[in-house]
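Take a look at the structure below.
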Amino acid sequence: FYRTQALEALGRFDEALDGYRTVLDRRPEFAPAFNNIGKIKRDMGRVDEAITAFRRATVLAPENAELYSNLLMTLLYDPAQEPNTLAEEHAEWGRRFGRPAGLFQDWPNDPDPARPLRIGLVSAEFCQHALAGWLLAAMRSLDCAQYRIIAYSNRAPEDGMTPRFKALAGAWRSIVGLRDDRVADQIRSDGIDILIDVSGHTALNRLPCFALKPAPIQATWLGYPFTTGLDAIDYAIMDNVAVRPGEESLFAEQVVRLAPSRFCYEPPRSLPEVAEPPAVRNGWITFGSFNNVTKLSDPVLALWCRILQDTPTARLILKSQALGNPGVATRILETFSAKGVTQGRLECRGASASMQVLEEYADVDIALDPFPFGGGATSCEALLMGLPVVTLPSWQPVSRQTETCLAAIGRPEWIATDQEHYASIAARLASDLPALKEARRTQRQAFTQSAICDTGQFGAGLQQTLRGMWGQYCRHIPR
Numbered sequence: 001f002y003r004t005q006a007l008e009a010l011g012r013f014d015e016a017l018d019g020y021r022t023v024l025d026r027r028p029e030f031a032p033a034f035n036n037i038g039k040i041k042r043d044m045g046r047v048d049e050a051i052t053a054f055r056r057a058t059v060l061a062p063e064n065a066e067l068y069s070n071l072l073m074t075l076l077y078d079p080a081q082e083p084n085t086l087a088e089e090h091a092e093w094g095r096r097f098g099r100p101a102g103l104f105q106d107w108p109n110d111p112d113p114a115r116p117l118r119i120g121l122v123s124a125e126f127c128q129h130a131l132a133g134w135l136l137a138a139m140r141s142l143d144c145a146q147y148r149i150i151a152y153s154n155r156a157p158e159d160g161m162t163p164r165f166k167a168l169a170g171a172w173r174s175i176v177g178l179r180d181d182r183v184a185d186q187i188r189s190d191g192i193d194i195l196i197d198v199s200g201h202t203a204l205n206r207l208p209c210f211a212l213k214p215a216p217i218q219a220t221w222l223g224y225p226f227t228t229g230l231d232a233i234d235y236a237i238m239d240n241v242a243v244r245p246g247e248e249s250l251f252a253e254q255v256v257r258l259a260p261s262r263f264c265y266e267p268p269r270s271l272p273e274v275a276e277p278p279a280v281r282n283g284w285i286t287f288g289s290f291n292n293v294t295k296l297s298d299p300v301l302a303l304w305c306r307i308l309q310d311t312p313t314a315r316l317i318l319k320s321q322a323l324g325n326p327g328v329a330t331r332i333l334e335t336f337s338a339k340g341v342t343q344g345r346l347e348c349r350g351a352s353a354s355m356q357v358l359e360e361y362a363d364v365d366i367a368l369d370p371f372p373f374g375g376g377a378t379s380c381e382a383l384l385m386g387l388p389v390v391t392l393p394s395w396q397p398v399s400r401q402t403e404t405c406l407a408a409i410g411r412p413e414w415i416a417t418d419q420e421h422y423a424s425i426a427a428r429l430a431s432d433l434p435a436l437k438e439a440r441r442t443q444r445q446a447f448t449q450s451a452i453c454d455t456g457q458f459g460a461g462l463q464q465t466l467r468g469m470w471g472q473y474c475r476h477i478p479r
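Residue 1 is where the sequence shown starts when you use the numbering used here, and the numbers rise one by one after that.
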């Protein structure tokens with residue numbers, strides 16, 4: 001089993017799958033093998049098969065919160081999910097794991113509504129991660145005289161980005177490997193007033209610790225674009241785009257909204273120069289998506305095939321870590337080939353260093369956003385490099401991230417209402433080279449000067465929200 005895990009970590013997916021099947025031949029009810037098969041299938045973009053494997057794992061190990069979280073995370077990628085069904089799946093996690101023994105009922109925190117607050121951030125993302133630019137901006141935006149951040153890091157080893165997080169934290173706690181009750185005791189010892197979950201049901205989350213309610217106010221924000229299903233978390237910090245009026249019932253938490261967005265983006269310190277559209281030198285349009293393969297659902301691939309058919313000379317570049325695996329890339333290539341798109345028009349690229357990723361946007365004219373799980377940091381990077389991004393938001397909060405960015409820079413014309421509209425936006429952009437040139441000339445400045453990158457405005461809204469949560473608690477605590 002451990003040798004097979006090593007193959008999985010190396011990205012040798014087919015060999016790892018064979019290894020896990022061998023394990024199951026010997027131990028047919030070994031839940032960790034089904035769980036790991038699910039993770040591989042998800043990384044390969046085979047979401048239906050991943051969901052099947054995760055469901056089997058949760059049946060075999062119903063007491064394992066991590067396995068159920070893996071299922072919930074994967075359901076966000078499934079275009080067949082309906083709102084109430086997805087909400088109920090998350091509510092079931094809360095029923096199973098949200099009422100642990102030892103749940104705290106009272107807290108020693110001084111209920112003074114005006115005093116400085118101690119904010120706990122629990123995250124596995126204090127590192128080089130897609131959330132890093134958003135999380136750094138948020139930490140930097142808080143007035144350190146009124147809000148002291150205590151960071152609880154659940155990832156090891158650290159990397160070159162971690163010192164930047166440590167510098168913004170008033171205190172740093174590594175909670176890697178600690179039991180949930182030990183972490184909860186540390187949070188209470190630190191006197192945390194508002195404890196914020198940044199991971200949701202993503203990998204290395206500590207939601208079972210939140211279920212113990214170690215802080216009087218608990219919230220979830222940023223890393224997971226849906227409800228946690230956990231009643232012990234009081235608030236879900238969202239915005240008016242992510243959660244429309246009337247959609248609050250999907251959440252176990254009370255929805256609070258930041259304006260204009262629940263995130264603020266801090267661009268990388270070093271950026272390549274914006275290049276001219278490659279169509280100028282190539283003579284053809286190149287579409288592109290640098291989102292992970294898990295987001296490339298069957299409806300997405302079918303629509304992108306259609307877009308290439310509508311623009312017969314156009315090409316498409318897909319870039320994702322999983323595409324470095326020959327089997328994954330071959331499956332994508334065969335999908336397009338079966339719909340009449342010759343392989344010479346599609347290029348699959350694997351992972352590269354973050355600066356090189358930004359440089360490779362020089363090879364793309366127009367970015368295509370997947371659905372229902374749209375881009376977040378990926379869309380921000382494409383916009384920074386001067387590319388239009390075509391997006392199709394739907395009911396899921398995660399499908400609306402790019403919409404938030406486009407609204408902030410005054411580009412609602414790139415937001416589609418359905419697949420037909422999406423294809424027409426892509427075709428219109430492909431036929432307007434002057435507009436592509438203009439975007440390359442002006443868009444970086446428009447993006448960096450927009451509300452999405454306005455740390456001061458974001459910080460004021462976040463502080464008002466945190467203070468409102470605390471004031472609500474102080475008004476209702478028994479005296």
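The beta-carbon is built from N, C-alpha and C at its ideal position, and this holds for glycine as well.
Please read these numbers as outputs of a predicted model, since none were measured by experiment.
Residues of its chain near residue i, where Cβ-Cβ distance is below 6 Å and the 5 sequence neighbours each way are ignored
i: Gln321; result: Ala351
i: Gly376; result: Gln401
i: Pro111; result: Cys474 and Ile477
i: Val241; result: Arg400, Glu403 and Thr404
i: Lys339; result: Cys305
i: Asp239; result: Arg257, Leu258, Ser261 and Arg262
i: Ala408; result: Ser450, Ala451 and Ile452
Any non-hydrogen atom of the ligand MG within 7 Å of residue i CB
i: Leu86; result: Ligands in the displayed structure: none, and consequently the ligand MG is not present.
With 16 other Cβ atoms within 10 Å as the buried cut-off, status of residue i
i: Thr22; result: exposed
i: Met44; result: buried
i: Arg262; result: buried
i: His421; result: exposed
i: Tyr2; result: exposed
i: Gly283; result: exposed
i: Met385; result: buried
i: Gly459; result: buried
i: Glu438; result: exposed
i: Lys319; result: buried
i: Ser289; result: buried
i: Ala91; result: buried
i: Ser199; result: buried
Reference residue i; option with closest CA among the options
i: Phe336; options: Arg306, Ala259, Pro111 and Pro62; result: Arg306
i: Arg331; options: Asp14, Ile196 and Ala6; result: Asp14
i: Ala362; options: Ala275, Thr442 and Val328; result: Ala275
i: Val389; options: Leu24, Ala426 and Arg55; result: Ala426
i: Glu347; options: Ala353, Ala314, Gly374 and Ser379; result: Ala314
i: Leu303; options: Arg475, Ala57 and Asp369; result: Asp369
i: Pro32; options: Asp48, Ala61 and Thr52; result: Ala61
i: Asp48; options: Arg269, Thr294 and Pro28; result: Thr294
i: Glu29; options: Cys453, Leu10, Ala57 and Val243; result: Ala57
i: Thr97; options: Phe447, Gln464, Ala232 and Arg26; result: In the sequence as presented, Thr is not what sits at residue 97; that position holds Phe. Comparing Cα positions, the closest option is Ala232.
i: Gln396; options: Asn84, Ser153 and Leu67; result: Asn84
i: Val122; options: Ser153, Ala203, Leu142 and Arg115; result: Ser153
i: Ser354; options: Gln457, Arg140 and Pro268; result: Pro268
i: Pro372; options: Arg46, Leu10 and Pro79; result: Pro79
i: Phe104; options: Ile150, Ile187, Asp25 and Ala132; result: Ile187
i: Ala151; options: Cys264, Ala145, Leu142 and Ser174; result: Ser174
i: Asp454; options: Ser297, Gln443, Ala53 and Trp134; result: Trp134
i: Gly456; options: Val176, Ser249 and Asp143; result: Asp143
i: Asn70; options: Ala50, Leu86 and Gly191; result: Ala50
i: Ser189; options: Leu466, Trp107, Thr391 and Ala446; result: Trp107
i: Thr448; options: Leu406, Leu308, Arg46 and Pro113; result: Leu406
Residue i - DSSP class collapsed to helix/strand/coil
i: Ser424; result: helix
i: Gly283; result: coil
i: Ser199; result: coil
i: Tyr235; result: strand
i: Cys264; result: coil
i: Gln81; result: coil
i: Leu258; result: strand
i: Ala219; result: strand
i: Ile192; result: coil
i: Ile452; result: helix
i: Ile366; result: strand
i: Asn36; result: helix
Neighbourhood of residue i by C-beta distance below 7 Å, restricted to the same chain and skipping five residues each side
i: Leu17; result: Ile37 and Ile40
i: Gly102; result: Asp181 and Leu212
i: Cys127; result: Arg155, Glu158, Asp159, Met161 and Thr162
i: Gly327; result: Phe13 and Asp14
i: Leu72; result: Glu89, His90, Trp93 and His201
Cutoff 8 Å; reference residue i; Cβ partners in own chain excluding five residues on either side
i: Ile217; result: Asp193, Ile194, Leu195, Asp234, Tyr235, Met469, Trp470 and Tyr473
i: Glu381; result: Phe290, Val357, Leu358 and Tyr361
Subject >> Segments of 3+ residues assigned as beta strand (DSSP E) that fall wholly inside the region 99-176 >> reply: Listed in chain order, the complete beta strand (DSSP E) runs (minimum 3 residues) inside the region 99-176 are 117-123, 147-153 and 171-174.
**OP:** Kindly provide the ranges of any alpha helix (DSSP H) runs that are 4 or more residues long and lie completely inside the region 368-426, ordered along the chain.
**Re:** As far as the region 368-426 is concerned, its whole alpha helix (DSSP H) runs of at least 4 residues are 377-384 and 401-408.
**OP:** Go through the region 335-364 residue by residue and report every complete run of the beta strand (DSSP E) that reaches 3 residues or more, in order.
**Re:** Fully enclosed beta strand (DSSP E) runs of 3 or longer: 346-349.
Subject >> Whole alpha helix (DSSP H) elements within the region 277-329, 4-residue minimum >> reply: Complete alpha helix (DSSP H) runs here, min 4: 279-282 and 298-310.
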